[in-house]
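Data block below; observations after.
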Amino acid sequence: MRTSTMSVLFIIWMLCTLDLSYSAPDECQDEIERLRTEMKNLEVRHSKQNQLIQRLMNLNQMNERSLKESSIYDMGDKQYMDCAQIFKNGSMQSGFYMIKPLLSPTQIRVYCDMTEGGGWTVFQRRSDGNLSFDRDWNDYKTGFGDMKSANGEFWLGNDNLHYLTSQDDYTLRINLEDFEGSHRFAVYRKFKLDNEQNHYQLQFGVYTGNAGDALSGSYHPEVQWWASHQGMKFSTRDRDNDRYDRNCAQEDKGGWWFNRCHSANLNGFYYRGPYSAVTDDGIVWYPWHGWWYSLKSVQMKIRPDIFEPNDV
Ligand SMILES: [Ca+2]
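Those letters in the sequence shown? Residues -23 to -1, 1 to 289, per mature numbering (1 follows the signal peptide of the UniProt record, and there is no 0), in order.
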């Protein structure tokens, strides 16, 4: 379109110069101006159309990705004990899968995160504050939340976490994001939950990462006696197993392995960044942003300590 307009412009200019057909120079000049304007308009339209095409292509890619990640994959009759086994079997797409941990009486639906090396069974996600995590013992026992959307918020359930972590040594990875777009992570080896009779008591091993070691409180040895979550029992607003004379879960608005009370409260109330409240009840990871900053998103996931994707 542009080339043909330019060609016409050139021909008219030649005719004007040679004065073969246009007797009046003004008419000739007018025609050149008109064509120049038309050419500019066409260029603007062309550029706008290109931008629109690019936006549509981006949107299409996003939709495809979101659809894939919220897909529920049917693995047939074969049973898998976790997402690591599914990954090793060749399924490398993140999404929902059915697994059956050895001790579990039934199959359970889990979100498998096949990024960051793959094979992660996700057991907690906070992403937008749509879901309240201020829930009772039974909800935390069985699990709750959105197990259909790619970015839904949920808790997989303490029974399921117990089943999963008693069949192997598992590594816990916690991914954190703040409202300024920064990302940090914390990794703990040998993450394990005891059973309900023992109040889902928490155990974990060595820390690595760049978010700070909130779970053990090693960032500040003097606070460990009241802030460490090592060996703590799980508490909810209706089941107080903490070491505090009042009820941490009630005051801090979520179920967790409270001490007196915490330096990590990832099931806390969804504020947006800095907050003020009676207690430090936000989504807190103390060594990174302190007690008075509530994080934007959290993902907690596990994978066997020894994970070699090629070892099928
Ligand atoms: Ca108490």
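Think of the CB as a built atom: it goes at the ideal place given N, C-alpha and C, for glycine as much as any other residue.
> Cβ of residue 188 within 8 Å of Cβ of residue 168?
Replying inline: As a first step, residue 188 must be located in the sequence shown, where it is residue number 211. As a first step, residue 168 must be located in the sequence shown, where it is residue number 191. The answer is no: Cβ separation not under 8 Å.
>> Need the endpoints of the alpha helix (DSSP H) that residue 63 sits in, please.
In response: Position 86 of the sequence shown, counted from the first residue, corresponds to residue 63. Segment 60 to 65, the alpha helix (DSSP H) holding residue 63.
> What whole-angstrom Cβ distance do residue 138 and residue 275 have, given they're in contact under 8 Å?
Replying inline: Residue mapping note: residue 138 aligns to position 161 of the sequence shown, counting from 1. Residue mapping note: residue 275 aligns to position 298 of the sequence shown, counting from 1. Contact flag wrong, Cβ pair sits at about 15 Å.
> DSSP state of residue 255, grouped into three classes?
Replying inline: Counting from 1 along the sequence shown, the entry for residue 255 is found at position 278. Coil at residue 255, not helix or strand.
> Should residue 32 be labelled buried (16 or more other beta-carbon atoms within 10 Å of its own) or exposed?
Replying inline: The count along the sequence shown starts at 1 and reaches residue 32 at position 55. Exposed.
> How would the residue list near ligand 1 read, in chain order, if you kept each one whose beta-carbon is closer than 5 Å to any heavy atom?
Replying inline: 217, 219, 221
>> Given this structure, state the Cα-to-Cα distance separating residue 176 from residue 211, to the nearest angstrom.
In response: Counting from one through the sequence shown, the residue named residue 176 turns up at place 199. Counting from one through the sequence shown, the residue named residue 211 turns up at place 234. Straight-line Cα distance between these residues: approximately 6 Å.
> Hey, would you say residue 113 sits closer than 8 Å to residue 230, going by beta carbons?
Replying inline: Against the sequence shown, residue 113 aligns to sequence position 136. Against the sequence shown, residue 230 aligns to sequence position 253. No.
>> If distances are taken between C-alpha atoms only, which option among 246, 49, 133, 193 comes closest to residue 126?
In response: For the purposes of this step, residue 126 is taken as the residue at position 149 of the sequence shown. Among 246, 49, 133, 193, the Cα nearest to that of residue 126 belongs to 49.
> Where residue 243 and residue 65 are concerned, what is the direct C-alpha to C-alpha distance, given to the nearest angstrom?
Replying inline: Locating residue 243 in the sequence shown gives position 266, counting from the first residue. Locating residue 65 in the sequence shown gives position 88, counting from the first residue. Distance between the alpha carbons of residue 243 and residue 65: 30 Å.
> What did DSSP end up calling residue 48 once you bin it into helix, strand or coil?
Replying inline: If you number the sequence shown from 1, residue 48 lands on position 71. Correct three-state label for residue 48: coil.
>> Using a 10 Å radius around the Cβ and a threshold of 16 neighbouring Cβ atoms, would you call residue 105 buried or exposed?
In response: For the purposes of this step, residue 105 is taken as the residue at position 128 of the sequence shown. The residue in question, residue 105, is exposed, as its Cβ has fewer than 16 Cβ neighbours within 10 Å.
> Does DSSP put residue 209 in a helix, a strand or coil?
Replying inline: As a working note, residue 209 is residue 232 in the sequence shown. The answer is coil: DSSP assigns residue 209 none of H, G, I, E or B.
>> For a test of the three-state rule: what should DSSP assign to residue 90, helix, strand or coil?
In response: One-based indexing of the sequence shown puts residue 90 at position 113. The answer is strand: DSSP assigns residue 90 an E or B state.
> Is residue 119 closer than 8 Å to residue 134 when the C-beta atoms are compared?
Replying inline: Here the question's residue 134 lines up with position 157 in the sequence shown. Here the question's residue 119 lines up with position 142 in the sequence shown. Yes, the pair counts as a contact, with Cβ atoms nearer than the cut-off.
>> Suppose the cutoff is 7 Å on Cβ atoms and the five residues either side in sequence are ignored; what does the same chain contact list for residue 236 look like?
In response: Translated into the one-based positions of the sequence shown, residue 236 becomes position 259. 203, 204, 205, 206, 209, 219, 220, listed in sequence order.
> Rounded to the nearest angstrom, how far is the Cβ of residue 72 from that of residue 89, given a contact under 8 Å?
Replying inline: For the purposes of this step, residue 72 is identified with residue 95 of the sequence shown, where counting begins at 1. For the purposes of this step, residue 89 is identified with residue 112 of the sequence shown, where counting begins at 1. Contact holds; Cβ gap of about 7 Å.
> Tell me, which residues are paired with residue 147 by DSSP?
Replying inline: Position 170 of the sequence shown, counted from the first residue, corresponds to residue 147. Residue 147 is bridged by DSSP to 168, 281.
> For the putative contact between residue 240 and residue 263, defined by C-beta atoms under 8 Å, what is the C-beta separation to the nearest angstrom?
Replying inline: Position 263 of the sequence shown, counted from the start, is the residue given in the question as residue 240. Position 286 of the sequence shown, counted from the start, is the residue given in the question as residue 263. Between residue 263 and residue 240 the Cβ distance is about 4 Å, and since that is below 8 Å, they are a contact.
>> Rounded to the nearest angstrom, what separates residue 282 and residue 121 at their Cα positions?
In response: Walking along the sequence shown from the start, residue 282 turns up at place 305. Walking along the sequence shown from the start, residue 121 turns up at place 144. For the pair residue 282 and residue 121, the Cα-to-Cα distance works out to about 27 Å.
> Does DSSP put residue 233 in a helix, a strand or coil?
Replying inline: As a position in the sequence shown, residue 233 is number 256, starting the count at 1. DSSP places residue 233 in strand when its eight states are reduced to three.
> In terms of DSSP beta bridges, what is residue 132 paired with?
Replying inline: If you number the sequence shown from 1, residue 132 lands on position 155. According to DSSP, which records beta bridges pairwise, residue 132 is partnered with 101, 121.
> How would you label residue 20, buried or exposed, when you count the other beta carbons within 10 angstroms and need 16 or more for buried?
Replying inline: Walking along the sequence shown from the start, residue 20 turns up at place 43. Per the 10 Å Cβ criterion, exposed.
> In the DSSP assignment, what residue or residues form a beta bridge with residue 160?
Replying inline: In the sequence shown, residue 160 corresponds to position 183, counting from 1. Residue 160 pairs with 154.
> Since residue 77 contacts residue 56 with CB under 8 Å, what's their CB separation in whole angstroms?
Replying inline: By one-based count along the sequence shown, residue 77 stands at place 100. By one-based count along the sequence shown, residue 56 stands at place 79. Right, the Cβ-Cβ distance comes to about 5 Å (below 8 Å), so this counts as a contact.
> If we count the other Cβ atoms within 10 Å of its Cβ and call it buried at 16 or more, is residue 259 buried or exposed?
Replying inline: In the sequence shown, the residue the question calls residue 259 occupies position 282. By the neighbour-count rule (16 or more Cβ atoms within 10 Å), residue 259 is buried.
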